[in-house]
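To start, the structure itself, in C-alpha cells.
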C-alpha cells in the first residue's frame, strides 16, 4: 500500500487483522509537501517522483501487487491519466498495480452499481473532480456532498458520530450505494455499522483499496465485517 502522508494508514493494519492472515498489507508512506484538500496539493501527491520512490521502497516486502492508496491523487488526473499513472508503476515494478479511484469503479461494477451518492470530506472543487471521474466511468452521481474538511489530517481525526452523520446526510433515495472517497478517513472498523445506517452498501476508500489489492494478488476472501463488497 503506497499511502501519502499520515492520517488513516492504520486502517490497513485493521484490515489485515480482519482478514485473519489471508494477506499482508504493509504500508509505504510516500512523500508529500502538503495534505491540504486543494486540487493543486492533491494532484502533487500523485506525481511520478513520490510514487516511483514509494514503489522502489515497497520492494523490500516482495509484494504480489501494489496499490496507490489515494483517491484524490488519482481521480484529479482524470479517467485516462489515472490509468497512465498506474501503468507507469507497473512498468517500473513489473507488478499489477491499481489505485483507489480505479478500485471504486471496479467495486461498483462488481456490485452492479450504476447510481451512487458521494459523501466527500473534500471542498467542492476536489469533490467535483470525483464526480467527473465517476461519470467518465459510466457511473451516475445522484448527490455529491462536499464537507469542506481542509486537510487529510483533519479528516483522519473525525469522530465516529461525525462520519456517520456525513454519510447519512449524503445519501440519496435512488442511490444504490454511498461512496466515501477519502483514504484519510477511518472507516474499516465500522463498515457494517455504516451500511446499517443507510440501508445499502457503503464503499469506502480504504475498503475498496484493500479489495482491489487482493484481487490483483489473486486472493479471494469473504469477510462480512468489511462490508457488502466482501460478503
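Numbering (full-length UniProt numbering), first residue to last: 1 to 231. Beta carbons are placed, not taken as given, at the ideal position from N, Cα and C, and that holds for glycine. Just so it is clear, the structure is predicted and the values come from calculations on it, not from any experiment.
For residue 25, no beta strand (DSSP E) segment is defined, and its DSSP state is neither H nor E. Straight across, the Cα-Cα distance linking residue 199 with residue 212 is about 24 Å. One Cα belongs to residue 66, the other to residue 142, and the distance between them is close to 31 Å. Beta-carbon to beta-carbon, residue 18 and residue 226 are separated by about 6 Å, close enough to satisfy the 8 Å threshold. Residue environment analysis places residue 35 among the buried positions, since at least 16 neighbouring C-beta atoms fall within 10 angstroms of its C-beta.
Classified as buried, residue 11 has 16 or more neighbouring CB atoms from the shown chains inside 10 Å of its CB. Residue 201 is classed as buried because its beta carbon has at least 16 other beta carbons within 10 Å across all chains shown. DSSP lists 118 as the bridge partner or partners of residue 144.
Going by DSSP, residue 66 is part of the beta strand (DSSP E) stretching over 66-68. When the five nearest sequence neighbours on each side are left out, the beta carbons in the same chain lying within less than 7 Å of the beta carbon of residue 33 are those of 44, in order along the chain. Here DSSP, grouped into helix, strand and coil, assigns residue 125 to helix. CA-CA distance, residue 41 to residue 20, rounds to 36 Å. One Cα belongs to residue 62, the other to residue 175, and the distance between them is close to 40 Å. Close CB contacts of residue 168 within its chain, under the 7 Å cut and outside five residues either way in sequence, are with 197, 198 (chain order).
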